[in-house]
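K.L.:
Structure incoming, see below.
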Amino acid sequence: MLEDLIKLEKSTKSKWNNIKLVYDFSIEKKNELKRIISEPTKLISSDCEFIVFGSLARNEYTNESDLDWTLLIDGQVKPNHQEIALKIKDQLDKAKFKNPGFSGIFGGLTFSHDLVHNIGGSDDFNNNMTRRMLLLLESEPMTSDSPIVYSRVIRSVIKRYLQVIFDFSKNKYPRFLVNDMIRFWRTLCVDFAAKEWQQNDYKWVIRNIKLRFSRKLLFVSGMLMCSSIYSKNFTEQEALKVLEGFIYRSPLENLATFFNNNQKLKNLGKEIFSSYNYFLGIMNDKSQREILMKMKPNEIGDNKLFQKLRKKGHIFENSLIEIFFEKKSPLRDFNRKYGVF
Amino acid sequence: MPKLGFSTGSIAKSNYKLALKILENVNGIECIELSALREEELEGLINSLDSLNLSKYSYVSFHAPSKINYLNEIDLIKYLEKVLDKNYNIIVHPDIIVDFNNWKDFGKNLCIENMDKRKSIGRTFLELSIIFEKLPNASLCFDIAHAYQVDSSMIDSIDILNSFREKIMQIHVSEVNSESRHETLSLESVLAYKNVSPFISKDIPIIIESILNENEISHEILLNEFIFSDNISSRKFNKLNSIFHFQK
């Protein structure tokens, strides 16, 4: 799974041990999770699937991470779906997995109908959009090796984005998808400010750091996905399969693949992965993460840890800007055409 | 025109004789699937194979039981060997197979059907590939309704139809509801199936599996003609349009 990353690490003569460390831990936790949920998920029908999101799906899980999950339902609605979700929650609590945040986006039921039919429009509430975009950007099914429900919902969502233009063969590019991707990133940024307003300084620093790194990585992975079908003359089926390929890989893997395919940009890749490796090292260090969790916004100026992360964040962002707009980058045309207007 | 026909089970459940009688007077069909979907139908149907008047049909296939409770695999195979003597294709659900080696002698007459969402094998292109690795000579009965239920984008259907083109012996058509029961076709299914019909060779027999009463037979034939034909007559199109109100 880390083949592309290891290839890039070698070609840039780098060492990204923190990425590998959290990757190995994520695989270990996924196996543990599969064992834990095997009992309650025996009760679920062929219309449901247990899906994880967040750091576990990105293979960046640490001992301090929350577990974001949902029971995805794509079929007949049944009252006992909630009972199953509660049984799953019980099992996860017993196994000391940390509950998802308070937003209500995760830790319960998600219905495919809303994900597929409410894209945009007044019923596409923040939670629905977040679930949909995270399904595309950082999700993984846990209940079976052949995830029929997951794959069916993913394809239906993508098909919605492609079919808004009615005839894909004539238009070739789904602005709809890229606009939603950009909307999602901007929403994350706006919500950061909203949480600051609502929750004062509670977890402000850690949220700020995540926005600089992991949230930004998600957006970039999404833009790579969108650009993958730009000016390629694909049929709808071909476009769907290419987009699907991105969804089944983690954001870091998508980014590593991009640099391996664009060797002339590999020095930017080195900067990006080295900064991200540093970020993951801090996230994986219990004492340093705790310092960040407790830190108040007015303390960041004097804090060396925050300042170093901020500096690494700038390197990360500047290098990403380069791959979006650098002359040699294959993303330049795409971003000029669709990234702003 | 497509080579259309019915499963006897879709016309009269557990009563192949009645189904054949009803179908005697139906125009526009040239294929038949003799259904022993329930284990208890198997012996009677096999024993009467020689006496059935099937002269109307250019294509005959046989659907093996979808579950076996009383028979063991070897006994079932012995029964089905009598069908093989007739050189009929035998439609088999892969989940009833215990030992793939026992089925190898059926060759291409063993027609594996892709499964609905409830089963754990044989649903997708990848799952079918695993089965065909074990049974390289077996053929495929492509159930378009199962495939649509498993992947409504129909991408997997296209993969199956392209990759197993040479293996496809017949198509099953119906609507399957959320509990995987066969029903008459809806507009939603008609449009989804029509999108992939160009990937299906025109000479492949189309077996309708929708559960029908006698009055619904001609309507279901019309819908299948629409799905599997490049063009249908204006008269037939107008008839369809009066039901579905779509544009040509």
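Protein sequence lines correspond, in order, to chains B and P.
All letters in the first sequence, in the order written, are residues 1 to 341 by my numbering.
All letters in the second sequence, in the order written, are residues 1 to 248 by my numbering.
Heads up, the beta-carbon is just placed ideally off N, CA and C, and yes, glycines get one too.
Nothing here was measured: the structure is a model prediction, and the numbers come from that model.
Looking at chain P, is there any beta carbon in it that lies within less than 8 angstroms of the beta carbon of B/R152?
P.N.:
So, interface residue.
K.L.:
Quick check on B/G345: does DSSP put it in helix, strand or coil?
P.N.:
Missing from the structure shown is residue 345 of chain B; chain B here goes from 1 to 341 and no further.
K.L.:
Applying the criterion that 16 or more other CB atoms from any shown protein chain within 10 Å of the CB defines a buried residue, is P/K248 buried or exposed?
P.N.:
Residue placement at P/K248 is poorly supported in this model, since its pLDDT is 47, which falls under 50; the coordinates still yield a value, given next. Per the 10 Å Cβ criterion, exposed.
K.L.:
What span of residues does the alpha helix (DSSP H) with B/D66 cover, start to end?
P.N.:
No alpha helix (DSSP H) contains B/D66, which DSSP labels as neither H nor E.
K.L.:
My understanding is that B/F306 touches B/S275, with C-beta atoms under 8 angstroms, so please give their C-beta distance in whole angstroms.
P.N.:
Contact doesn't hold; Cβ gap of about 15 angstroms is too wide.
K.L.:
Alpha carbon to alpha carbon, how far is P/I217 from P/A12? Give it in angstroms, no decimals.
P.N.:
For P/A12 and P/I217, the distance between alpha carbons rounds to 12 angstroms.
K.L.:
What span of residues does the beta strand (DSSP E) with P/V98 cover, start to end?
P.N.:
Segment: none, P/V98 is in no beta strand (DSSP E) and carries neither H nor E.
K.L.:
What are the boundary residues of the beta strand (DSSP E) that B/P40 is part of?
P.N.:
From DSSP, B/P40 is part of no beta strand (DSSP E) but of the alpha helix (DSSP H) over N17 to T41.
K.L.:
For B/G269, which option in B/I323, B/Y161 and B/K96 has the closest C-alpha, if you only look at C-alpha atoms?
P.N.:
Minimum Cα distance to B/G269 is reached at B/I323.
K.L.:
Closest Cβ-Cβ distance between P/S153 and chain B: below 8 angstroms?
P.N.:
For P/S153, the answer is yes, since a Cβ of chain B falls inside 8 angstroms of its Cβ.
K.L.:
Give the C-beta separation of P/F106 and P/L140 to the nearest angstrom, bearing in mind that I take them to be a contact with Cβ-Cβ under 8 angstroms.
P.N.:
Contact doesn't hold; Cβ gap of about 13 angstroms is too wide.
K.L.:
With DSSP collapsed to three states, give me the class of B/L56.
P.N.:
Note: B/L56 maps to helix in three-state DSSP.
K.L.:
Residues bridged to P/N89 by DSSP?
P.N.:
Answer is P/S61.
K.L.:
Mind pulling the chain B residues with CB within less than 9 angstroms of P/E183?
P.N.:
The contacting residues do not exist; P/E183 stays about 14 angstroms from chain B at best.
K.L.:
Please classify P/M1 as buried or exposed, where buried requires at least 16 neighbouring CB atoms within 10 angstroms.
P.N.:
Burial call: exposed.
K.L.:
Give a yes or no on whether the minimum CB-CB distance between P/K248 and chain B is below 8 angstroms.
P.N.:
Reliability of the predicted coordinates at P/K248 is poor, the pLDDT of 47 falling under 50, and the value obtained from them is presented with this limitation in mind. No, P/K248 lies away from the interface with chain B (no Cβ there is under 8 angstroms from its Cβ).
K.L.:
Report buried or exposed for B/N208, applying the criterion of at least 16 other Cβ atoms within 10 angstroms of its Cβ.
P.N.:
Under this definition B/N208 is a buried residue.
K.L.:
Per the DSSP calculation, B/K241 is bridged to which residue(s)?
P.N.:
Paired residue(s): none; B/K241 is not in a bridge.
K.L.:
What did DSSP end up calling B/P297 once you bin it into helix, strand or coil?
P.N.:
Helix at B/P297.
K.L.:
Which residues in the same chain have their Cβ closer than 8 angstroms to the Cβ of P/D99, if we skip the five residues on either side of it in sequence?
P.N.:
Excluding residues within five positions, the ones whose Cβ falls inside 8 angstroms are E73.
K.L.:
For P/R123, return the contacting residues in chain B, with the cut-off set at a CB-CB distance below 7 angstroms.
P.N.:
Correct list: I148.
K.L.:
Taking any Cβ of chain P, which residues in the stretch 75–86 of chain B have a Cβ under 9 angstroms from it, in chain order?
P.N.:
Listed in sequence order: G75 and Q76.
K.L.:
Thinking B/K286 and B/E64 are a contact (beta carbons under 8 angstroms), I'd like their distance in whole angstroms, please.
P.N.:
B/K286 to B/E64, Cβ: 6 angstroms. Contact.
K.L.:
Residue range of the alpha helix (DSSP H) that P/L240 falls in?
P.N.:
Its alpha helix (DSSP H) spans residues S234 to F244.
K.L.:
P/K236 and P/E225 - do their beta-carbons sit closer together than 8 angstroms?
P.N.:
Result yes, Cβ atoms of P/E225 and P/K236 sit closer than 8 angstroms.
K.L.:
Rounded to whole angstroms, what is the Cα-Cα separation between B/R160 and B/D74?
P.N.:
Cα to Cα, the separation comes out at about 16 angstroms.
K.L.:
Counting contacts by CB-CB distance shorter than 8 angstroms, is B/S139 in contact with chain P?
P.N.:
Cβ-Cβ to chain P under 8 angstroms: no for B/S139.
K.L.:
In the structure shown, what three-state DSSP assignment does B/S344 receive?
P.N.:
One cannot answer for residue 344 of chain B here, as it falls past the ends of chain B, which runs 1 to 341.
K.L.:
Give the DSSP-derived three-state secondary structure of B/F50 in the structure shown.
P.N.:
Strand at B/F50.
K.L.:
Cβ atoms of B/M142 and B/K42: under 8 angstroms apart, would you say?
P.N.:
Contact flag unset, no.
K.L.:
Quick check on B/A256: buried or exposed, where buried means 16 or more other Cβ atoms within 10 Å of its Cβ?
P.N.:
Classification of B/A256: buried, given that the 10 Å Cβ count is 16 or more.
K.L.:
Return the CA-CA distance between B/K266 and B/N277, expressed in angstroms with no decimal places.
P.N.:
One C-alpha to the other measures close to 16 angstroms.
K.L.:
Give me the Cβ distance between P/W103 and P/I97, rounded to the nearest whole Å; I'm assuming they're in contact under 8 angstroms.
P.N.:
Going by Cβ atoms, the distance from P/W103 to P/I97 rounds to 6 angstroms, so yes, they are a contact pair.
K.L.:
Would you call P/E179 buried or exposed, if buried means 16 or more other Cβ atoms sit within 10 Å of its Cβ?
P.N.:
Counting Cβ neighbours within 10 Å, P/E179 comes out exposed, since fewer than 16 surround it.
K.L.:
Using a Cβ-Cβ distance under 8 angstroms, would B/S156 count as near chain P?
P.N.:
For B/S156, the answer is yes, since a Cβ of chain P falls inside 8 angstroms of its Cβ.
K.L.:
Run the CB neighbour count on P/H182, radius 10 Å, all protein chains shown included, and call it buried at 16 or more, exposed below.
P.N.:
Per the 10 Å Cβ criterion, buried.
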